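Here the structure comes first, spelled out in structure tokens, and everything after it is commentary.
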Amino acid sequence: MSLALVGGKIITPFRIIKNGAIVIEDGLITEIGKTPDIEIPDQCEVIDISGRIVTPGFVDLLVHGGGGYGFSDSNLSSIENISQYFLSNGSTTVLASLYAKPTQQLLDDLTRVSDFIIANPDSNIYGIHMEGPYLNKELKGAMNENYLWTPSVESWEAMWEASKGLIKIMTIAPELPGAIDVMRAAARKGVVLSIGHSMASYEQVEVAIDNGAAHVTHMFNAMSPFHHRTPGVVLSALLRNELKIELIADNLHVHPAVMEFLLKLKGANGIILITDSIRAGGMHEGEYEFADQKIFMKDHRAFLPDGTLAGSTLTLNMAIRNMVESANAKITDAVRMASLNGAKVLHTKKGILAVGKEADVVVMDNDYEVELTIKKGKIVFKREA
Numbered sequence: 009m010s011l012a013l014v015g016g017k018i019i020t021p022f023r024i025i026k027n028g029a030i031v032i033e034d035g036l037i038t039e040i041g042k043t044p045d046i047e048i049p050d051q052c053e054v055i056d057i058s059g060r061i062v063t064p065g066f067v068d069l070l071v072h073g074g075g076g077y078g079f080s081d082s083n084l085s086s087i088e089n090i091s092q093y094f095l096s097n098g099s100t101t102v103l104a105s106l107y108a109k110p111t112q113q114l115l116d117d118l119t120r121v122s123d124f125i126i127a128n129p130d131s132n133i134y135g136i137h138m139e140g141p142y143l144n145k146e147l148k149g150a151m152n153e154n155y156l157w158t159p160s161v162e163s164w165e166a167m168w169e170a171s172k173g174l175i176k177i178m179t180i181a182p183e184l185p186g187a188i189d190v191m192r193a194a195a196r197k198g199v200v201l202s203i204g205h206s207m208a209s210y211e212q213v214e215v216a217i218d219n220g221a222a223h224v225t226h227m228f229n230a231m232s233p234f235h236h237r238t239p240g241v242v243l244s245a246l247l248r249n250e251l252k253i254e255l256i257a258d259n260l261h262v263h264p265a266v267m268e269f270l271l272k273l274k275g276a277n278g279i280i281l282i283t284d285s286i287r288a289g290g291m292h293e294g295e296y297e298f299a300d301q302k303i304f305m306k307d308h309r310a311f312l313p314d315g316t317l318a319g320s321t322l323t324l325n326m327a328i329r330n331m332v333e334s335a336n337a338k339i340t341d342a343v344r345m346a347s348l349n350g351a352k353v354l355h356t357k358k359g360i361l362a363v364g365k366e367a368d369v370v371v372m373d374n375d376y377e378v379e380l381t382i383k384k385g386k387i388v389f390k391r392e393a
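Going by our numbering, the residue at position 145 of the sequence shown is 153; the numbering climbs one at a time, nothing skipped.
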């Protein structure tokens, strides 16, 4: 199948091509440039996208659920429904995030999600982000304290085996006894380790970096506040170039001025936009569930009964909009943080619009609403007129 998108504003995401065209053949981009300079192959479907924004498919490294479903639901249909919900919002690559549960329940979750991924290689569900279960109870956030595990290499190996090697990222509190041993074991398997739900000191973060830590999960949330005499995860994330920060750009988890501050300090290459979306994403206001706890959603804000934020209802197209409109980011930078940066973490040929790259493409209107999602050259979502 060959497809051509013509007339759009293409965000590569390093530069902008106005009146641009993209030709897609056999799932790959074969031509890109200004529309008058592109020769459209014969028998190619042509879609006029004049006045639209064209970007790489979004890569979301932390998703618990959306559209009324969660990855921890005990059925495969929930995974398919989450997949479709995120395709409709431009995310062509998603890591299914699981959270701490009693041992066998979590292992069952890992097995079910990994089985789905293996059986559906063309799905946007690419792998697993294991958020926990080795987290600090003092900064548990919306996690169920009763379900957190004590770090041990034996329990980690059980998780790895259940996931069939599909855990791509794991959030961990490196200050916990036994955590460094787990990190070493996971790092040797190629897992990206992300510091989160942590009270680690600056010195403990340094040790963690040497043992595989490369990310910081949902920056500023579930970590000790910055203190000038006792620096911890926040200062480490800002100061150490080894660490990329994962940012929930919903204007709720982090103030827009602080998002702008992060961009000035870390630069567009140092930030990865994530949603941390839960099942309430895309749904009406009301009561939901997370980790066997009641969650309420009002004004796009998800929270526990005590007011603690519990994930988000964000999508990455809206995260891009928020970075541009609220945090003064250039659109090229905002798109890069939502696509290429995550794609690099996963070592894929995604996240950039260039010849030879996988044809994961999103077309949005000027309000950043997704009109068309293409994955590996196939139209997987088209908004009804």
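No residue lacks a Cβ here, since even glycine has one placed at the ideal position from N, Cα and C. Everything numeric in this text was worked out from a predicted model, so none of it was measured.
Reducing DSSP to helix, strand and coil, say where residue i ends up.
| i | result |
| --- | --- |
| asparagine 27 | strand |
| threonine 238 | coil |
| phenylalanine 269 | helix |
| proline 2 | This structure does not reach residue 2, given that the chain is present from 9 up to 393, and the question cannot be answered. |
| lysine 176 | strand |
| methionine 227 | coil |
| glycine 278 | helix |
| valine 161 | helix |
| lysine 197 | coil |
| isoleucine 253 | strand |
| serine 1 | Residue numbering for the chain in the displayed model covers 9 to 393; residue 1 lies beyond these limits and cannot be assessed. |
| alanine 221 | strand |
| leucine 317 | strand |
| tyrosine 396 | Residue 396 lies beyond the residue range present for the chain, which begins at 9 and ends at 393; the question has no answer from this structure. |
| asparagine 259 | coil |
Identify, in the order they occur along the chain, each residue of the same chain with its Cβ nearer than 6 Å to the Cβ of residue i, setting aside the five sequence neighbours on each side.
| i | result |
| --- | --- |
| lysine 172 | Ser122 |
| valine 388 | Leu95, Thr381 |
| asparagine 349 | Ile280 |
| alanine 262 | Note that residue 262 corresponds to valine in the displayed sequence, not to alanine. For valine 262, where only same-chain residues beyond five positions count, the Cβ hits under 6 Å are Phe228. |
| lysine 109 | Tyr155 |
| alanine 221 | Leu201, Ile203 |
| valine 31 | Ala12, Thr38, Glu39 |
| serine 58 | Gly15 |
| lysine 252 | His223, Gly278, Ile280 |
| valine 102 | Asp68, Val71, Phe94, Asn132, Ile133 |
Please report how far the alpha carbon of residue i lies from the alpha carbon of residue j, in whole angstroms.
| i | j | result |
| --- | --- | --- |
| threonine 225 | serine 202 | 6 Å |
| valine 54 | lysine 26 | 17 Å |
| valine 241 | methionine 207 | 7 Å |
| threonine 340 | serine 160 | 42 Å |
| glutamine 113 | arginine 237 | 42 Å |
| aspartate 375 | glutamate 146 | 40 Å |
| serine 244 | arginine 344 | 23 Å |
| alanine 342 | glutamate 254 | 13 Å |
| leucine 36 | leucine 13 | 13 Å |
| leucine 246 | glutamate 211 | 14 Å |
| phenylalanine 311 | alanine 318 | 5 Å |
| serine 91 | glutamate 366 | 19 Å |
| proline 313 | isoleucine 286 | 16 Å |
| aspartate 368 | threonine 323 | 17 Å |
| glutamate 268 | glutamine 301 | 33 Å |
| valine 199 | serine 232 | 25 Å |
| aspartate 130 | phenylalanine 234 | 42 Å |
| glutamine 51 | glycine 290 | 38 Å |
| leucine 174 | glycine 135 | 5 Å |
| threonine 321 | leucine 84 | 22 Å |
| isoleucine 24 | glycine 278 | 21 Å |
| proline 264 | serine 82 | 37 Å |
| methionine 9 | proline 49 | 11 Å |
| methionine 305 | serine 347 | 27 Å |
| aspartate 56 | lysine 17 | 12 Å |
Got a sec? Which residues, its chain only, sit under 8 Å from residue i by beta carbon, not counting five neighbours each side?
| i | result |
| --- | --- |
| valine 370 | Val62, Thr63, Pro64, Gly65, Phe66, Gly98, Thr100, Asn325, Val378, Leu380, Thr381, Ile382 |
| valine 215 | Pro182, Ile188 |
| glutamate 169 | none |
| asparagine 79 | Looking at the sequence itself, residue 79 is phenylalanine, so the reference to asparagine does not match. Val71, His72, Gly73, Ser86, Ile87, Ile90, Ala104, Ser105, Leu106, Asp117, Val121, listed in sequence order. |
| lysine 42 | Ile25, Lys26, Asn27, Gly28, Ala29 |
Suppose the cutoff is 7 Å on Cβ atoms and the five residues either side in sequence are ignored; what does the same chain contact list for residue i look like?
| i | result |
| --- | --- |
| isoleucine 126 | Lys172 |
| asparagine 259 | Asn330, Ser334 |
| serine 397 | Here the chain covers residues 9 to 393 and nothing more, so residue 397 does not appear. |
| methionine 151 | Tyr107, Ala108, Gly140, Leu143, His205, Ala299 |
Less than 7 Å separating the Cβ of residue i from some heavy atom of the ligand ZN?
| i | result |
| --- | --- |
| aspartate 189 | Inclusion of the ligand ZN in the displayed structure is not the case, the ligand content being empty and no account of it being possible. |
Let me check one thing: in DSSP terms, what residues is residue i bridge-paired to?
| i | result |
| --- | --- |
| glycine 135 | Leu103 |
| glutamate 33 | Ser10, Leu36 |
| alanine 310 | Met305 |
| valine 62 | Ile18, Val371 |
| glutamate 53 | Leu11 |
| lysine 148 | Per DSSP, none; premise fails for lysine 148. |
| serine 206 | Met231 |
| serine 285 | Val71, Ser320 |
| glycine 41 | Ala29 |
**OP:** List in chain order: all unbroken beta strand (DSSP E) runs of 3+ residues lying wholly within the stretch 327-391.
**Re:** 369-372, 378-383, 386-390
Original post:
Can you list the alpha helix (DSSP H) stretches of 4 or more residues lying completely in the stretch 64-132, in chain order?
Top reply: 84-95, 111-127
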